[in-house]
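Which chain is which? The protein sequence lines are A and B, in order.
Sequential numbering from 13 applies to the first sequence in the numbering used here.
Sequential numbering from 14 applies to the second sequence in the numbering used here.
Here a beta-carbon is modelled for each residue, glycine too, at the ideal position from N, C-alpha and C.
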Amino acid sequence: MQNEDQLLEEVTNSEYKYGFYTEMDSDQAPKGLNEDIIRFISAKKKEPEWLLEYRLNALRIWQTMEEPNWAHLGYPKPDFQDLHYYSAPKPKKQLDSLDEVDPELLETFKKLGISIEEQERLTGVAVDVVVDSVSVATSFKKKLGELGIIFCSFSEAVQEHPELVRKYLGTVVPTTDNFYATLNSAVFTDGSFCYIPKGTKCPMELSTYFRINEANTGQFERTLVVADEGSYVSYLEGCTAPMRDENQLHAAVVELVALDNAEIKYSTIQNWYPGSKEGKGGIYNFVTKRGLCMENSKISWTQVETGSAVTWKYPGCILKGNNSIGEFYSVAVTSNHQQADTGSKMIHLGKNTKSTIISKGISAGQAQNSYRGLVKINKGATNARNFTQCDSLLMGNNCGAHTFPYIEVGNQSSKVEHEATTSKIGEDQIFYCKQRGMDETTAINLIVNGYCKEVLNQLPMEFAVEAQKLLEISLEGSVG
Amino acid sequence: MEVMNETVKMSTKDTFLSNFNLLDFSFDEDFSKDIRSAAKNTIEGLEFPTSKVEYWKYTRINKIIKRDYSISAPENKVEIDLSVPSKNCIVLINGFYSEELSFFESEVGVTFSSLSEAKKNSSVLKEKFNSLVKKDEIFAQINSAYHQDGAFMHVEKNVQAEEPYYILNFVDDSNILSNPRNFVFLEQGANVKVVLKTINTANAGSFTNMVSELFIEKNAHFEINKIQNEADDSFQIATEQVVQADDSTFKINTFTLNGAIVRNNLNIDSLGKNTMTYLNGLYPLKGKQHVDNHTYLLHREPNGESHELYKGILGDSSTGVFNGKVFVHREAQKTNAFQSNANIVMTDSATINSKPELEIYADDVKCSHGSTTGQLDEEALFYLRARGLSKDSARAVLVNAFASDVIEQIGVESVKEEIEQYIDDNYQGIK
Chain A
13 MQNEDQLLEE
23 VTNSEYKYGF
33 YTEMDSDQAP
43 KGLNEDIIRF
53 ISAKKKEPEW
63 LLEYRLNALR
73 IWQTMEEPNW
83 AHLGYPKPDF
93 QDLHYYSAPK
103 PKKQLDSLDE
113 VDPELLETFK
123 KLGISIEEQE
133 RLTGVAVDVV
143 VDSVSVATSF
153 KKKLGELGII
163 FCSFSEAVQE
173 HPELVRKYLG
183 TVVPTTDNFY
193 ATLNSAVFTD
203 GSFCYIPKGT
213 KCPMELSTYF
223 RINEANTGQF
233 ERTLVVADEG
243 SYVSYLEGCT
253 APMRDENQLH
263 AAVVELVALD
273 NAEIKYSTIQ
283 NWYPGSKEGK
293 GGIYNFVTKR
303 GLCMENSKIS
313 WTQVETGSAV
323 TWKYPGCILK
333 GNNSIGEFYS
343 VAVTSNHQQA
353 DTGSKMIHLG
363 KNTKSTIISK
373 GISAGQAQNS
383 YRGLVKINKG
393 ATNARNFTQC
403 DSLLMGNNCG
413 AHTFPYIEVG
423 NQSSKVEHEA
433 TTSKIGEDQI
443 FYCKQRGMDE
453 TTAINLIVNG
463 YCKEVLNQLP
473 MEFAVEAQKL
483 LEISLEGSVG
Chain B
14 MEVMNETVKM
24 STKDTFLSNF
34 NLLDFSFDED
44 FSKDIRSAAK
54 NTIEGLEFPT
64 SKVEYWKYTR
74 INKIIKRDYS
84 ISAPENKVEI
94 DLSVPSKNCI
104 VLINGFYSEE
114 LSFFESEVGV
124 TFSSLSEAKK
134 NSSVLKEKFN
144 SLVKKDEIFA
154 QINSAYHQDG
164 AFMHVEKNVQ
174 AEEPYYILNF
184 VDDSNILSNP
194 RNFVFLEQGA
204 NVKVVLKTIN
214 TANAGSFTNM
224 VSELFIEKNA
234 HFEINKIQNE
244 ADDSFQIATE
254 QVVQADDSTF
264 KINTFTLNGA
274 IVRNNLNIDS
284 LGKNTMTYLN
294 GLYPLKGKQH
304 VDNHTYLLHR
314 EPNGESHELY
324 KGILGDSSTG
334 VFNGKVFVHR
344 EAQKTNAFQS
354 NANIVMTDSA
364 TINSKPELEI
374 YADDVKCSHG
384 STTGQLDEEA
394 LFYLRARGLS
404 KDSARAVLVN
414 AFASDVIEQI
424 GVESVKEEIE
434 QYIDDNYQGI
444 K
């Protein structure tokens, strides 16, 4: 017991490793949210009239909405009038090489262990770096351009490919969708845009790093990925944020469109500041992620969630086309006072549609971890198939693990399976490992890794390594 | 249009209740009268739930509440064939106790009587009556306020009842609201089985709003078999509030055979250590039936074990709803909780909404739940047909097999036969 307590202590005491703050001049909107702020953001970004209208419409809808409180979460509600809705690093001229990037920013990435040069050179990953809402550096653009692939910041896309943005923006997550998505539609500052033309297989993993930088700045990312007929893309998103004491709000919207025969693989590692071990501070992460699948297409979500004080996130797929496939693989780790209410929604509309949900929750300390999912098979979705597995692992006696699945089946030819288990790491398992010469920490790491393997296997190489590291950091030695 | 109708439009609730406020409950005991008036006060602060309320998300009750009911004893002498394989049977008609139809052969240590009689004599009833009913559930409160009668059972310490006790609720007129109210108290070490049946013989829109409070003391064993056989266009909302003490066993088997809308609210507070709880249900549905099973099981102390098994067969344009919640309290270490919901959907117009929930705050537990929805296995059908069974018989064999593990749970032989017979009769001719 002595040993266990010590280990638990160690874990709960380990400070957030990526907590630092980069000093940069930024260009901020005054606090508050009203039409003037929206016009300010829109003007600042030199947006066309239709986009301003889109934002204003969203604001008007948002003003009539109430913040939802059905989730299994408890937190002080943010004051939406006490936030800055726009904050950008000072505009810089278009960069030709990394030498022109703010050296402090490069330093930040080094601390995170993400060196752009190295990634460019060694891994062939194109990185579109987002710091506080505005893209600063974009690489590999030329190479992608040759294939007709558009991969750029959202604001750039608005300027250069307005027809594409206008065609797809809000088609998967409508303005009226939910409180946070509507807020995002009104105030989103930047994000990434990606378009893969017909029949093109994107030759490299596309990735973006998000950071919340300025204190008191809500971050409202908007990501839109469109895979045209017969194309393929794998998109990576990873997040870390500096340590701050006040709660920071993050309400992103990610929309994926997979046209006929296309495939999108969207992977996320989320490691935002989870708050101190007393539960002070930390990021509020209220994200709306959804994909639309047309005929024979496939969208696969993979996520490793270890950060944020409060997470509210249900990546989903609308399986509209016949024979389309939706997948969701998730590992959510909560420790200390973290709370997560996360899961997936699979809406089956087309015939012969298939979906898989694998969700692994790990809860330690005083954390609360909930799975909340919806599998809906419409009457017309004949021969639809769903398999859902959500397992929870509990470490320590002050945490909670909960499962709230909604299963709605409306026809006779579909098969839906749901299973969930909750347990702790078996003493016999640890004993077995220890007997073979492992110390307790290694044993737990081994068991947790095995427990999450199904999900980690879905991650691209670069991410899998990082994810494993994160799990180790988050859970080293915590056994109940 | 200057002269508008001055009367203010009454709310659905007020209209619903308007017929009942003149009812005379002067026959009642004082403590019970107090409970009635308290319930009436509570109802004033409540509204009928809409589907926007999570607890009622999948069941719309407009059809139930927008009708004009009366609470009244049967007008005519009721001719009912009571072939009950028991020596003890309480019969209620329209929620009223029928003295002439009920029969008893008293067993030592078992008090089995109408609720109204028990109100006069029983100190346990006086002490505990209405104590489990939830303040925020309008239907249970309506029962508390307007119930006529019900069944009362008190089993003394270590008494092992031999035969099952029957409680039969008949509804014999149309547009009747019947509020049967049951109270069961098992002392330490007692062991008894009960069959609780609702039968609608009038076949016209009535509403049975039943509430049962069940107290199971230390080391007692209680099994209740609940059979709901409403009419095609009648409704039932049945609420069971159960508390289990240390080492006790509770088993409930719910069979919903007919009814336009049937909703079961089964709430179990497992307060003791080492409790065993079995919740089983079978809902073979046809026509436009809508059946909603809500269960809530709270494990508050260590070493509890619970098994939940609900199975549905959904034909025609029926709708099944299952919402089972298991809550494991921080203190309830070594809890084993297993929950399973399986459904067969027979047609494209049938719907099943399943929501098995776990809420767990203790770490040394084994909890799992599963929910499946599918069809009869084509290969199994083919296998049977290749051996000469007709399509219908082959299906009936498979449906029987599907239902059998719930039926197996029944501890009363005659009930088991009745349900098996029902399945046989109803699943020969399905398309």
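What residue range is occupied by the uninterrupted alpha helix (DSSP H) comprising K133 (chain B)?
-> 128-134
Span separating the alpha-carbon of Y178 (chain B) from that of K206 (chain B) = 6 Å
Selection from B:Q173, B:E370, B:S115, B:L138 that minimises the alpha carbon distance to V121 (chain B) | B:Q173
Using the beta-carbon of each residue, which ones in chain A are nearer than 7 Å to G108 (chain B)?
-> The contacting residues do not exist; G108 (chain B) stays about 35 Å from chain A at best.
DSSP beta-bridge partners of T221 (chain B) | T221 (chain B) is bridged to B:S191, B:Q249.
Quickly, what does DSSP pair H349 (chain A) with across the bridge? List them, please.
-> DSSP, once it has assigned bridges, lists no residue as partnering H349 (chain A).
Using three-state DSSP, classify D27 (chain B) as helix, strand or coil.
-> helix
Proximal chain B residues relative to Q424 (chain A), where beta-carbon distance stays under 8 Å = V358, M359, T360, D361, A363, Q388
Specify the secondary structure class of S165 (chain A) as computed by DSSP and reduced to three states.
-> Reduced to three states, the DSSP call for S165 (chain A) is strand.
Would you mind sorting P42 (chain A) into buried or exposed? The rule is 16 or more other CB atoms within 10 Å of its CB.
-> Under this definition P42 (chain A) is an exposed residue.
Might you give, ordered along the chain, the residues of its own chain that have their beta carbon closer than 6 Å to the beta carbon of Y68 (chain B), omitting 5 neighbours on each side?
-> none
Which residue or residues does DSSP assign as beta-bridge partners of T267 (chain B)?
-> B:K239, B:G294
Environment of F40 (chain B) [buried if 16+ CB atoms lie within 10 Å] = exposed
May I have the straight-line CA-CA distance separating G325 (chain B) from C329 (chain A), to the nearest angstrom?
-> Approximately 28 Å between the Cα atoms of the pair.
Nearest to T386 (chain B) by CA position, among B:Y323, B:V104, B:L311, B:L279, is which residue?
-> B:Y323
Which term fits D186 (chain B), buried or exposed, when burial requires 16 or more other beta carbons within 10 angstroms of its beta carbon?
-> buried
Under three-state DSSP, which class holds D94 (chain A)?
-> helix
Looking at K210 (chain B) and E236 (chain B), is the spacing between their C-beta atoms short of 7 Å?
-> No, they are not a contact pair.
Assuming S111 (chain B) contacts L105 (chain B) under a Cβ cut-off of 8 Å, what Cβ separation, rounded to an integer in Å, is found between them?
-> L105 (chain B) and S111 (chain B) do touch by the CB rule: their CB atoms are close to 7 Å apart, below 8 Å.
With a cut-off of 8 Å, do at least 3 Cβ pairs link the region 402-418 of chain B to the region 368-384 of chain B?
-> no
Under a Cβ-count criterion, where at least 16 other Cβ atoms within 10 Å of its own Cβ denotes burial, should T25 (chain B) be classed as buried or exposed?
-> exposed
Kindly indicate the opening and closing residues of the beta strand (DSSP E) around I456 (chain A).
-> No beta strand (DSSP E) contains I456 (chain A), which is instead part of the alpha helix (DSSP H) from 452-468.
Sheet register partners of R67 (chain A) (DSSP bridge) = None; R67 (chain A) has no bridge partner.
Label V197 (chain B) either buried or exposed according to how many other C-beta atoms from any shown protein chain fall within 10 Å of its C-beta, with 16 as the threshold for buried.
-> V197 (chain B) is buried by the Cβ-count criterion.
Cα-Cα separation, S157 (chain B) to S64 (chain B) = 24 Å
Nearest-angstrom Cα separation, counted from F117 (chain B) out to E176 (chain B) | Approximately 12 Å between the Cα atoms of the pair.
Who pairs with H360 (chain A) in a beta bridge, going by DSSP?
-> A:L331, A:I389
Could you pull the start and end residues of the beta strand (DSSP E) that K57 (chain B) belongs to?
-> Rather than Lys, the amino acid found at residue 57 (chain B) in this sequence is Glu. Segment 43-57 is the alpha helix (DSSP H) holding E57 (chain B); no beta strand (DSSP E) there.
Does the beta carbon of N439 (chain B) come closer than 7 Å to any beta carbon on chain A?
-> no
From the beta carbon of L371 (chain B), is the nearest beta carbon of chain A less than 7 Å away?
-> yes
Enumerate in chain order the residues of its own chain whose CB-to-CB distance from G136 (chain A) is below 6 Å, with the five nearest sequence positions on each side excluded.
-> The pLDDT assigned to G136 (chain A) is 41, lower than 50, so where the model puts this residue is not dependable; a value taken from the coordinates is nonetheless given after this. So the list reads M216, once near-sequence residues are dropped.
Consider the C-beta atom of S367 (chain A) and the heavy atoms of the ligand PLP; say whether any pair is separated by less than 6 Å.
-> Absent from the structure shown: the ligand PLP. Ligands present: none.
Mind pulling the alpha helix (DSSP H) runs of 4 or more residues that sit fully within the region 142-188 of chain B?
-> Counting only runs of 4 or more, we get 151-159.
Less than 8 Å between the CB atoms is what I'm expecting for V146 (chain B) and Q254 (chain B), so what's the real figure, rounded?
-> 6 Å
Distance, Cα to Cα, A479 (chain A) vs T346 (chain A)?
-> 14 Å
Compare the C-beta of T28 (chain B) against all C-beta atoms of chain A and say whether one is closer than 7 Å.
-> no
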